[in-house]
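*Asks:* Encoded as structure tokens, here's the structure I'll be asking about.
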Amino acid sequence: MDVNTVAAGGGSMLFFRSGIFQVGPESAGAHPGPACYKKGGPLAVTDANLALGRLLPEYFPNIFGPQENEPLDKSATLQAFQQLAES
Numbered sequence: 001m002d003v004n005t006v007a008a009g010g011g012s013m014l015f016f017r018s019g020i021f022q023v024g025p026e027s028a029g030a031h032p033g034p035a036c037y038k039k040g041g042p043l044a045v046t047d048a049n050l051a052l053g054r055l056l057p058e059y060f061p062n063i064f065g066p067q068e069n070e071p072l073d074k075s076a077t078l079q080a081f082q083q084l085a086e087s
């Protein structure tokens with residue numbers, strides 16, 4: 001194992017490289033944020049937690065999306081994972 005950095009935030013981006021999932025060190029940041037923020041952002045740790053059911057959108061305020069009035073979007077997360085699987 002070769003660890004260069006430890007990604008600790010939910011915005012740390014997810015990649016599939018050389019047959020394995022990798023996290024960071026790149027970050028989606030707050031804007032655009034993870035894919036589930038519905039602002040065109042990349043897959044991030046937050047998306048993985050949402051897809052696994054560890055985050056429940058109903059417990060978050062509706063501050064996401066282009067107008068910042070929508071809930072977290074699990075379907076955007078799942079679509080981003082599907083695109084990653086097909087690439």
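With the first letter of the sequence shown counted as 1, position 73 gets the number 73 in full-length UniProt numbering; the numbers rise by one all the way through. Glycine included, C-beta positions come from ideal geometry on N, C-alpha and C. The model shown is predicted, which means the values in this text are computed figures rather than measured ones.
1. Does the segment 64 to 79 touch the segment 21 to 31, meaning 3 or more C-beta pairs lie closer than 8 angstroms?
2. In three-state DSSP terms, what is Q22?
3. According to DSSP, is F60 part of a helix, a strand, or is it coil?
4. Beta-carbon within less than 6 angstroms of A35's beta-carbon, same chain only, minus the 5 sequence neighbours each way: which residues are those?
5. Given F15, which residues of its chain have a CB within under 6 angstroms of its CB, disregarding the five upstream and five downstream residues?
*Replies:* On the basis of the supplied data:
1. no
2. strand
3. coil
4. G41, L43, D47, A76, T77, A80
5. Q22
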